[in-house]
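Residue numbers (this note's numbering), protein chains in the order written: chain A, 826 to 943; chain B, 826 to 943.
Right, dumping it as structure tokens:
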């Protein structure tokens with residue numbers, strides 16, 4: 826199941842032009858984005874470490890731990906995303922526990938990638 | 826709130842003597858442990874990277890993505906832990922969305938530590 830299928834029909838949407846900084850490493854911010862269409866590059870210290878496509882998420886770290894952004898996200902193409910703030914996040918998890926599992930799988934994948942590069 | 830407070834009263838418990846390998850890096854396994862008492866060392870490639878105490882969790886990675894264990898866990902002291910398999914995990918998240926958030930915070934902390942060491 827894709828995380829997109831778990832978003833309620835009244836979900837807020839945001840269109841992002843190509844080449845826009847969605848958020849920058851070190852910024853404060855507590856919104857996660859579910860990518861509905863397009864591609865978002867994730868950069869660590871200026872280096873692209875991941876390309877997130879439809880059904881992926883970016884920005885979950887700062888949402889979860891309220892720390893500054895751990896990475897930079899830049900739209901590679903025109904994107905359609907759904908912003909998820911803390912109250913919506915808890916609401917989504919309450920409605921669909923699977924939503925939490927999908928976000929955790931994203932985090933697990935990133936942790937394993939970091940481990941491999943360690 | 827501690828994750829221990831979110832465990833239901835009928836939660837299974839397991840006592841572990843000091844110095845026991847709870848799980849080893851590379852093993853298959855799909856059970857997470859909530860530490861109720863004692864301390865568990867987490868080792869990456871033989872090096873201790875973290876000490877998990879009461880209210881912490883170990884083994885969430887393999888539970889979430891069904892991949893081999895990403896690290897080794899050894900009891901530093903006698904421990905009391907609660908094993909959480911996939912069905913219990915989904916049940917706990919469904920009952921208490923906060924449970925998911927606490928596990929995600931653990932993962933976020935580990936990701937930021939890896940980022941810092943990168």
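Even for Gly, the Cβ is constructed at its ideal location relative to N, Cα and C.
Use the C-beta contact count for residue i: other C-beta atoms within 10 angstroms, 16 or more gives buried, fewer gives exposed.
{"i": "residue 912 of chain B", "result": "exposed"}
{"i": "residue 826 of chain A", "result": "exposed"}
{"i": "residue 877 of chain B", "result": "buried"}
{"i": "residue 920 of chain B", "result": "exposed"}
Name the one or two DSSP bridge partners that residue i has.
{"i": "residue 867 of chain A", "result": "A:875 and A:898"}
{"i": "residue 908 of chain B", "result": "B:858"}
{"i": "residue 839 of chain A", "result": "A:906"}
{"i": "residue 848 of chain B", "result": "B:898"}
{"i": "residue 882 of chain B", "result": "B:859"}
Looking only at its own chain, which residues have a Cβ that is under 7 Å from the Cβ of residue i, when we skip the five neighbours before and after it?
{"i": "residue 855 of chain A", "result": "887, 888, 891, 910 and 911"}
{"i": "residue 902 of chain B", "result": "843, 863 and 864"}
{"i": "residue 905 of chain A", "result": "838, 840, 861, 862 and 863"}
{"i": "residue 932 of chain A", "result": "885"}
{"i": "residue 853 of chain A", "result": "893"}
{"i": "residue 871 of chain A", "result": "none"}
Taking residue i as the reference, give the member of the options with the closest Cα.
{"i": "residue 930 of chain A", "options": "A:902, A:885, A:870 and A:907", "result": "A:885"}
{"i": "residue 915 of chain B", "options": "A:907, A:926 and A:908", "result": "A:926"}
{"i": "residue 860 of chain A", "options": "A:851, A:832 and A:940", "result": "A:832"}
{"i": "residue 938 of chain B", "options": "B:869, B:852 and B:830", "result": "B:869"}
{"i": "residue 829 of chain B", "options": "B:893, B:928 and B:871", "result": "B:928"}
{"i": "residue 850 of chain B", "options": "B:922, B:893, B:934 and B:936", "result": "B:893"}
{"i": "residue 879 of chain B", "options": "B:872, B:873 and B:900", "result": "B:900"}
{"i": "residue 857 of chain B", "options": "B:881, B:922, B:873 and B:920", "result": "B:881"}
Can you list, in chain order, the residues of its chain whose CB lies under 6 Å from that of residue i, leaving out five sequence neighbours each side?
{"i": "residue 898 of chain A", "result": "847, 848, 865, 867 and 883"}
{"i": "residue 895 of chain B", "result": "886"}
{"i": "residue 836 of chain B", "result": "907"}
{"i": "residue 875 of chain A", "result": "867"}
{"i": "residue 918 of chain A", "result": "924 and 925"}
{"i": "residue 873 of chain A", "result": "866"}
{"i": "residue 981 of chain B", "result": "Residue 981 of chain B lies beyond the range of chain B shown here (826 to 943); nothing can be said about it."}
Excluding the five sequence neighbours on either side, which residues of its own chain have a C-beta within less than 8 Å of the C-beta of residue i, listed in chain order?
{"i": "residue 941 of chain A", "result": "none"}
{"i": "residue 935 of chain B", "result": "875"}
At a CB distance below 9 Å, what residues from the stretch 850 to 880 of chain B approach chain A? Give them in sequence order.
869 and 870
Which residues, in chain order, does the stretch 893 to 908 of chain B contribute to contact with chain A at a C-beta distance below 7 Å?
895
Please identify, using Cβ separations under 8 Å, the residues of the stretch 926 to 938 of chain A that lie next to chain B, in order along the chain.
926, 928, 929, 930, 932, 933, 934, 935, 936 and 937
Name, going along the chain, the residues of the stretch 907 to 922 of chain B whose beta-carbon falls closer than 7 Å to a beta-carbon of chain A.
915, 918, 919 and 922
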